[in-house]
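Below: one structure, written as structure tokens.
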Amino acid sequence: MKMTVIGCGYLGATHAACVAELGHEVLGMDSDIDKVHTLNTGKAPFFERDLDDLLAKHTESGRLKFTASYGEAADFTDLHFIGVGTPQQPGTDAYDLTHLFDAVTKLAPGLTTPAVIAVKSTVPVGTAPRVAELLCEHAPAGDLIEVAWNPEFLRESFAVEDTLRPDRLVLGFNTTHSWAEAILRQAFAKIIESGTPTLVADWATAELAKGAANSFLATKISFINSMAEVCEKSGANVAELADILGQDIRIGRRGMRPGLGFGGGCLPKDLGGFITRADELDAGEAVGMLREVGAVNARRRQRVIDLAREELGTDLRGKRITVWGAAFKPETDDIRDSPALAVAQALHDLGATVTVTDPKALDNARKLHPELDYVEDPITAVDAADLLLHLTEWPQFTHIDPKRLATRTNSPKVIDARGILNTNQWRDAGWIIRSLGLG
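Structure (structure tokens):
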């Protein structure tokens, strides 16, 4: 099949490369000319594992190309995926749908024949009717254009895997027997034939799916971090507790990792957006639990700051702190709502000299937090440090021998906010180590 992907940021570029891998002829469209040029060279303007390989493979074969022209995209095919960003509105937790409505409005004039518009962007429930209205207003084909909702459930650093081998495929339509369903089933034929559960829903249910899923995942993380607070007070071990709870098949261990909490561009945004939309629908009381989920997550960052002050004293002026980690999670260069950088910035604001190291995210971190110091090598980063904070669980950090580090510091003290360093190994190397959730 031939298809376009409108919006080639993290979601769109990944989707474009992956549907090309499924055998389709794909035109990616983005209004950022520099981004288009980069993608046409077979590289992504961000780091995502395995994505550059797919981009290079399919731009070279000619199966995948990118353009900045809405007109070219409209002429290319009658199946268009939309994956533009829907960030938070400034000053609120509500989704900003400007990019989505702008993309629909600019694509519409070129739609002169029946077409399928499949939206992948995360939105508040109730957005699909507005998209359909815009298409009727601006597209020559009018109501011959079918709007479908196809939410994504990507994990950063696993986005290619999650696109090609998802754990479920959700297709949302306005009518029970939408002709668009056959088109999308053909587009995803290889994924469906592999046994992936395919769930067909109405617009509203499909729109809710991503926000509800991320809100639940955020709840799971904040629940185990609430237990971590209790463990610290009682002398229990939160990692062992999580293992015990995880054996219950109704709960499961996956995604229930205690530590510094969640960040990134999805869970915080979708949790806030979900709550905000519930408030707008006069269902605010129904999501009261989710407000506490966000509060628990914020407390984890403050807990690390409190521990640092316990180790170094209330006055941090003149203290040198090294932070291992800038990305919000390993195997990505994404620093959006990074817990690691939030802690680093807070400690800097309290007067400490903070040095940050990360395998992939230093360039992005420098742009957002130029006041922090940056060192590429995690070993030399601890030179003359009074305290080391392990805040992003890159495997590279866990493989460093703590004996190599102890003599380089002013004081061998480490706070393991991710709970994966070998406590006995670090103590045997002469370190004082503290972990979140351990009494």
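Quick note: the sequence shown uses the working numbering, first residue 1, plus one each step.
Backbone N, C-alpha and C fix where the C-beta goes; we use that ideal spot for every residue, glycine too.
Under DSSP, F173 takes part in a beta bridge, and its partners are D202. Where E72 is concerned, the enclosing alpha helix (DSSP H) starts and stops at 70-76. Around the beta carbon of G83, 16 or more other beta carbons lie within 10 angstroms, which makes this residue buried. Under the three-state reduction of DSSP, G83 is assigned to coil, being neither helix nor strand. Excluding five sequence positions before and after H99, the CB atoms of its chain that fall closer than 6 Å to its own CB belong to V84, G85, given in chain order. Within its own chain, the residues whose Cβ lies closer than 8 Å to the Cβ of G351, once the five positions on either side in sequence are excluded, are D315, L316, R317, G318, K319, listed in chain order. Contact between F173 and S215 does not hold, since the beta-carbon distance rounds to 24 Å and is not under 8 Å.
Here G264 has E156, F328, K329, D334, R336, D337 as same chain residues with Cβ atoms under 7 Å from its own Cβ, once five neighbours each way along the sequence are excluded. A direct Cα-Cα distance of roughly 13 Å separates L169 from A118. Exclusion of the five residues before and after E331 leaves R49, S157 as the residues of its chain whose Cβ lies within less than 7 Å of its Cβ. In this structure, I432 lies away from L405, with their beta-carbon atoms at least 8 Å apart.
In this chain, the beta strand (DSSP E) harbouring L64 covers 64-67.
Rounded to whole angstroms, T398 and R257 show a C-alpha spacing of 16 Å. One Cα belongs to K360, the other to D52, and the distance between them is close to 15 Å.
With contact defined as three or more Cβ pairs closer than 8 Å, the segment 53-69 and the segment 20-38 are in contact.
The Cβ atoms of G437 and T392 lie no closer than 8 Å to each other. Taking the C-beta atoms as reference points, L97 is found nearer than 8 Å to T127.
Distance from the CA of G62 to the CA of E72, rounded to the nearest whole angstrom, comes to 16 Å. Residue nearest to T198 within the set F188, A429, T77, P109 is F188 (criterion: CA-CA distance). Runs of alpha helix (DSSP H) with 4 or more residues, each lying fully within the segment 212-297, are found at 238-246, 267-280, listed in chain order. DSSP places G28 inside the beta strand (DSSP E), whose first and last residues are 25-29.
By the CB criterion at 8 Å, P166 and T196 fall inside the cutoff. The alpha-carbon of G284 is positioned some 14 Å away from that of V125. For the 8 Å CB-CB criterion, V104 and A68 do not form a contact.
The straight-line gap separating the alpha-carbon atoms of T92 and E292 is approximately 17 Å. If the five residues before and after W179 are omitted, its C-beta is found closer than 7 Å to the C-beta atoms of E146, all from its own chain and listed in chain order. Straight across, the Cα-Cα distance linking R427 with R301 is about 24 Å. Distances from the CA of L184 to each of M1, A278, P412 were compared; the closest alpha carbon is that of M1.
Counted as a single uninterrupted DSSP element, the alpha helix (DSSP H) harbouring R130 occupies residues 128-138.
The beta carbon of I251 sits closer than 8 Å to those of L245, all from its chain and outside the five residues before and after it, given in chain order.
With a 10 Å radius around the Cβ and a threshold of 16 neighbouring Cβ atoms, L107 comes out buried. Look at L312 here: in three-state DSSP terms it is helix. DSSP places A118 in the strand class (E or B) of the three-state scheme. In its chain, beyond the 5 residues on either side, G142, D143 have a beta carbon closer than 6 Å to the beta carbon of C136. Runs of alpha helix (DSSP H) with 4 or more residues, each lying fully within the segment 400-425, are found at 402-406, listed in chain order. Judged by their CB atoms, Y70 and M29 are nearer to each other than the 8 Å cut-off.
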